[in-house]
Amino acid sequence: GNPSEFKESLECTSCTMCCNAQGDCHPQETTEIENLNIHIGSYTVKSYTDFTLVFFVCIVGFSLGVFLVLFAFDRYKNYLSTAHDMKQLCDQDQKCAIGALGEDSVYQFFMGKSFVGWAFALAIVAFQIAMLFEFVTAAEVDLSKDNVDLQYTWRCPRDRVDCDNTADLNWWGWTVFGVLMGTHLLKDVVNGIKLIFLSSKQRHPRHDRLRLFIGGLLLSTVALFTMFVSAIYNKAIATSNTEVIINSVVILFITDTDEKLYGVLMAISSKWVATMSLDTPNDNVSQVHELKSENSTLQNQVNELTSQVGDMKTQTEKLRQEIKEMKEMMKANGVKSASRSPSKRLSGASVEEERLPVRVVGGTAGTSYNYNTMDPNAPEEKEELYSYDTLC
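In terms of my numbering, the sequence shown opens at residue 139 and continues consecutively.
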């Protein structure tokens, strides 16, 4: 075992325990991967590193299978069903995709058309997988290598035949591990499956379906690979419940690098980030032109209304002037009529005096006149009033 008192570690294939120079031991037994007995042709998968390739192939194969099944079902469904508003459904799917990938993550660049955005998204996925792969190699159960983090948790006293396991890790530590992994990563797995589901919809163009499938595949792959890495690494080195929590939090932090990079890009230039997102300025050029056209139309209407208001003001001033002249004429006629007898109206055999009050409206307020005196200061009689316009 390592560290060893010798330049090269001793190998004993028939030994049940392998101990290092510090007196710590580890059982020399087959690993879980070897027990799976996986063969690829004539090659046998024996290590976690080899199994990682199988793990990725299984995820890709499963995703393709789900896509093909859903695609065939959607094609049959659309053949039987009536047509819907496809554009509205596509817009809803794109919003759902952005929410699934993360509005504060560079993963959303998978839905855009920017090559730079795709480069950032693919680079962060590659970085996350590369960082997680370091934990895979460190979790290898190879007692002859000193570049692994495997913990020797057994003690074999020289005065005893039996060995004791000194690890304090129990079921509660693994329960906490499961809760941490589930609450942080199951959401990405579910969202990845949702994106694969949306990619099977024939209402989307082919390039949009490809974006949805790639985004969903990578999102779920990183999440599942993180779970796998966390499990094998904690099994290799965790000796207590607290170490399981610490190791899990450190590994989970790697999955947040996509959000951290997005924050950095936003700090550099939010407009630049917008060009790499789904709703880019280039995609909205037509909308901008439409808004400009509507704004120009509204401006013309405002100008026309302004001109009409000016004409109305001119007409109002003319009316005021005419009303003023009429008032002067009525005052002059009122002086002559004051000496005349009131007009008479015959109703059958009787004659009654007619008193018609007149209200002349002009200027800023109406002025009431008594027809008998034409005096604006005379008391107004409480009878029906007629406006000047109606009177004319």
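Glycine residues also receive a C-beta, built at the ideal position from the N, C-alpha and C atoms.
Using the rule of at least 16 other Cβ atoms within 10 Å of the residue's Cβ for burial, across every protein chain shown, is residue i buried or exposed?
{"i": "Leu206", "result": "exposed"}
{"i": "Val423", "result": "Note on Val423: pLDDT 45, under 50, position unreliable in the model; no value is reported."}
{"i": "Asn372", "result": "buried"}
{"i": "Ser337", "result": "buried"}
{"i": "Ile178", "result": "exposed"}
{"i": "Met467", "result": "exposed"}
{"i": "Cys153", "result": "exposed"}
{"i": "Leu266", "result": "It is Gln, not Leu, that sits at residue 266 in the sequence shown. Gln266 comes out buried."}
{"i": "Arg349", "result": "buried"}
{"i": "Phe247", "result": "buried"}
{"i": "Cys150", "result": "exposed"}
{"i": "Asn406", "result": "Position check: residue 406 holds Ile in this sequence, whereas Asn was assumed. It is exposed - the Cβ of Ile406 has fewer than 16 other Cβ atoms within 10 Å."}
{"i": "Ala264", "result": "exposed"}
{"i": "Ser479", "result": "With a pLDDT of 45 at Ser479, under the threshold of 50, the modelled position of that residue is not reliable, and the figure given next carries that caveat. Ser479 is exposed by the Cβ-count criterion."}
{"i": "Cys156", "result": "buried"}
{"i": "Phe253", "result": "exposed"}
{"i": "Asn471", "result": "exposed"}
{"i": "Gly203", "result": "exposed"}
{"i": "Thr454", "result": "exposed"}
{"i": "Tyr245", "result": "buried"}
{"i": "Val360", "result": "buried"}
{"i": "Ala374", "result": "buried"}
{"i": "Ser358", "result": "buried"}
{"i": "Ser386", "result": "buried"}
{"i": "Leu416", "result": "buried"}
{"i": "Leu307", "result": "buried"}
{"i": "Met249", "result": "buried"}
Can you tell me where the alpha helix (DSSP H) holding residue i begins and where it ends?
{"i": "His345", "result": "Arg344 to Ile375"}
{"i": "Phe271", "result": "Phe253 to Ala276"}
{"i": "Lys398", "result": "Thr395 to Ile406"}
{"i": "Leu390", "result": "Asn379 to Ile392"}
According to DSSP, which residues form a beta bridge with residue i?
{"i": "Pro165", "result": "Met155"}
{"i": "Ile178", "result": "Tyr181"}
How is residue i classed by DSSP in three states: helix, strand or coil?
{"i": "Asp302", "result": "strand"}
{"i": "Arg458", "result": "helix"}
{"i": "Arg293", "result": "strand"}
{"i": "Arg341", "result": "coil"}
{"i": "Asp109", "result": "The structure shown does not extend to residue 109, since the chain is modelled only from 139 through 530, so no value can be given for it."}
{"i": "Leu288", "result": "coil"}
{"i": "Leu227", "result": "helix"}
{"i": "Thr505", "result": "Confidence at Thr505 is low in this model, with a pLDDT of 46, below 50, so the placement of that residue should be treated as unreliable; the coordinate-derived value is given next. If DSSP states are grouped into helix, strand and coil, Thr505 belongs with the strands."}
{"i": "Asn471", "result": "helix"}
{"i": "Asp326", "result": "helix"}
{"i": "Leu494", "result": "Caution applies to Leu494, whose pLDDT of 44 falls short of 50 and renders its modelled position unreliable; the value that the coordinates give is listed next. Coil, per DSSP."}
{"i": "Asn173", "result": "helix"}
{"i": "Leu416", "result": "coil"}
{"i": "Asn438", "result": "helix"}
{"i": "Lys465", "result": "helix"}
{"i": "Cys234", "result": "helix"}
{"i": "Gly250", "result": "coil"}
{"i": "Glu149", "result": "coil"}
{"i": "Gln160", "result": "coil"}
{"i": "Asn308", "result": "coil"}
{"i": "Pro480", "result": "Caution is warranted here: a pLDDT of 45 is assigned to Pro480, below 50, making its placement in the model unreliable, and no coordinate value can be reported."}
- Message: Would you call the stretch 226-239 in contact with the stretch 320-334, where contact means no fewer than 3 C-beta pairs closer than 8 Å?
- Response: yes
- Would you check if there are 3 or more beta carbon pairs closer than 8 Å linking the stretch 360-371 to the stretch 384-398? Contact between the stretch 360-371 and the stretch 384-398 is present: 3 or more CB-CB pairs across the two stretches fall below 8 Å.
- Message: Below 8 Å, how does it come out for the stretch 269-279 and the stretch 170-187: are there three or more Cβ pairs, yes or no?
- Response: yes
- Query: Is the stretch 193-211 in contact with the stretch 298-314, if contact means three or more CB pairs nearer than 8 Å?
  - Reply: no
- Please determine if the stretch 302-322 and the stretch 367-386 are in contact, where contact requires at least 3 C-beta pairs separated by less than 8 Å. yes
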